[in-house]
Every structure is written in structure tokens, then in C-alpha cells.
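Let me begin by presenting the structure, written as C-alpha cells, before commenting on it.
Protein chains in written order, with the working numbering: chain A, 1378 to 1531; chain B, 232 to 352.
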């Protein structure tokens, strides 16, 4: 997977998370995952289509998801309901959407699909033939694991 | 009388956030649509002064919905409010008839500036 596919998502994560949550995240070391792996408990999955295609997943613990939703909604949430899920989904959507602009600036024209929020205690994701690169982003609310599984279309 | 606004976004969070902001800014939110098809239908029934339109939505996207609304009402005021900010998207939206284009996450002042620019209040 090319670095030029990943960098737009890292840059977009930084700028959107800072605008939405008020603090710039800290980036941890990149890890390459095999094509099937266990993810975090709460995942926002965004499909990417066009000249580059695959999925980008924003994964976090249930506690971090609750805290991020609370920050976005301006009040501590009591349960992770449809509104909280929508807030997380929209966060993934905004990061991915902003990344589309950066990808297009380096010559890759792509589109995003509406996000899906997947929650569970033992979720396994398979990106099939595409290796996944995972980048941890540390915030006050906890860590978001940015997982990028993309390949160029010929 | 307050200006009437229709909000279109598939994300409940965005509809709630934008509604709360617009109402506290003195506007009348007359309807919410979760996709472009609903937006076209609600435009006809609610007759808003202004539509906020997302792009990436299931059933019918915001650009197709803008085209459909403008076809029925060439004077319709549509502001795209979306996470997709590429130049080709902006061009397509303007060609479809949108009068302004705001990239999410939105800045509240930018929203008010845009409303001022498009409907003058």
C-alpha cells in the first residue's frame, strides 16, 4: 500500500479531530496487520471507491467512544444510543471526506460511502487481500486506531 | 417573520446539531430530510426559503437532489454542507445549482455568513 494513500487520512484525522474535539492528537507508531485481525470494540467503517478503493476504519474502545460522543454532543451521554452512534459515524465521515480532498490533490479521485458503526467485544475484520496499516492517534478521550486498507485500481 | 430552512443530512447527529444552531440563531427549521429523495419531497411540501444539503447520502445524493429541486423551482436556494470538499465536487454542486458550498466540520460563523450571502438575512 502506498504512503500517498495513507497520509491524507492521517492529515485529515489530525485537522478534523483538532477542530471537533479541541485538541491535536498524538500519533503513535504505524503497525502492519495481516488481512484478518481483531479490532477495537467500536468501529466506524468508511468505504472508499474510485481510483483508490477499500476501507478505512476508525476503531476505539467503548469507553473512548462514549467520551468522544459526549464531547461532540456537548454533554455526558447516559447510553450509547442512535444519536451517539451518529456522532461517531459523522466523525469518521468528516475525516474521510476531508481525506478525499487531500487524495485528489495528489491525483487520486475517489468517493466515500456513508459510514457504518460496528460495535462488539470480539469483532474480527478481514480486509482480504489488502494488508491493513494501523496508526494509533492518542486523544484526551482515549486512542483512535486509524486502520487503512486501500489499493489502487488499474 | 423568520426564514424557513430545510436540513438534509443522513447523519442524525448533523441534523440535530445544525437544527439546534439554526434555531438558536433565529431561523425556523421547517423540515429535516435523511436523503436526497426526502429532500425533494419535503421541498415541495414545506416550501423553505433555504436548503442545507449534504452530498454523500443513500437513496439519492445531494447533487442529484439539488438538480431535481432546481428543476422544479429554479429560484431555490441550496447551500451544500458536506465533508467532501474536492474541487470537482464543488464544481458539480455549483453546476447543479447550489449557491454556496461549506466543508464540514463547519465553523458556525461560516454558516451564518453563507445564509447572509444567499438569502440576505
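Quick reminder that beta carbons are idealized off the backbone N, C-alpha and C, glycines included.
Where does residue i fall in DSSP's three states?
i              : result
residue 264/B  : strand
residue 1506/A : coil
residue 1513/A : strand
residue 1522/A : strand
residue 340/B  : helix
residue 1417/A : coil
residue 1493/A : strand
residue 1440/A : helix
residue 1501/A : strand
residue 1454/A : coil
residue 326/B  : helix
residue 271/B  : helix
residue 317/B  : coil
residue 352/B  : coil
Between the C-alpha atoms of residue i and residue j, what's the straight-line distance to the nearest angstrom?
i              : j              : result
residue 1384/A : residue 235/B  : 41 Å
residue 1516/A : residue 1399/A : 10 Å
residue 348/B  : residue 342/B  : 10 Å
residue 1528/A : residue 1412/A : 13 Å
residue 1424/A : residue 232/B  : 43 Å
residue 282/B  : residue 239/B  : 7 Å
residue 1514/A : residue 289/B  : 30 Å
residue 1482/A : residue 316/B  : 11 Å
Between residue i and residue j, which are expected to be in contact by the criterion C-beta below 8 Å, what is the C-beta distance as a whole number of angstroms?
i              : j              : result
residue 1495/A : residue 1431/A : About 16 Å; that fails the 8 Å criterion.
residue 319/B  : residue 1486/A : 7 Å
residue 244/B  : residue 1437/A : Not quite, the Cβ-Cβ distance comes to about 16 Å (not below 8 Å), so this is no contact.
residue 294/B  : residue 310/B  : Residue 294/B to residue 310/B, Cβ: 13 Å. No contact.
residue 271/B  : residue 300/B  : 6 Å
residue 303/B  : residue 275/B  : 7 Å
residue 1520/A : residue 1510/A : In fact, because the Cβ distance is near 16 Å, the residues do not count as touching under 8 Å.
residue 285/B  : residue 350/B  : Wrong, their Cβ atoms sit about 19 Å apart, outside the cutoff.
What are the boundary residues of the beta strand (DSSP E) that includes residue i?
i              : result
residue 1435/A : 1429–1437
residue 284/B  : 281–284
residue 239/B  : 235–239
residue 311/B  : 309–313
residue 290/B  : Where residue 290/B is concerned, there is no enclosing beta strand (DSSP E), given that its DSSP letter is neither H nor E.
residue 1408/A : 1408–1410
residue 331/B  : 331–334
Are the C-beta atoms of residue i and some chain D residue less than 8 Å apart?
i             : result
residue 316/B : No chain D appears in this structure, whose protein chains are A and B.
Are the Cβ atoms of residue i and residue j separated by less than 8 Å?
i              : j              : result
residue 292/B  : residue 267/B  : yes
residue 1477/A : residue 336/B  : no
residue 249/B  : residue 277/B  : no
residue 261/B  : residue 253/B  : no
residue 1421/A : residue 1475/A : no
residue 1512/A : residue 1388/A : no
residue 242/B  : residue 1470/A : yes
residue 1386/A : residue 1401/A : no
residue 1463/A : residue 1433/A : no
What span of residues does the alpha helix (DSSP H) with residue i cover, start to end?
i              : result
residue 248/B  : 243–255
residue 1386/A : 1380–1398
residue 1482/A : 1459–1482
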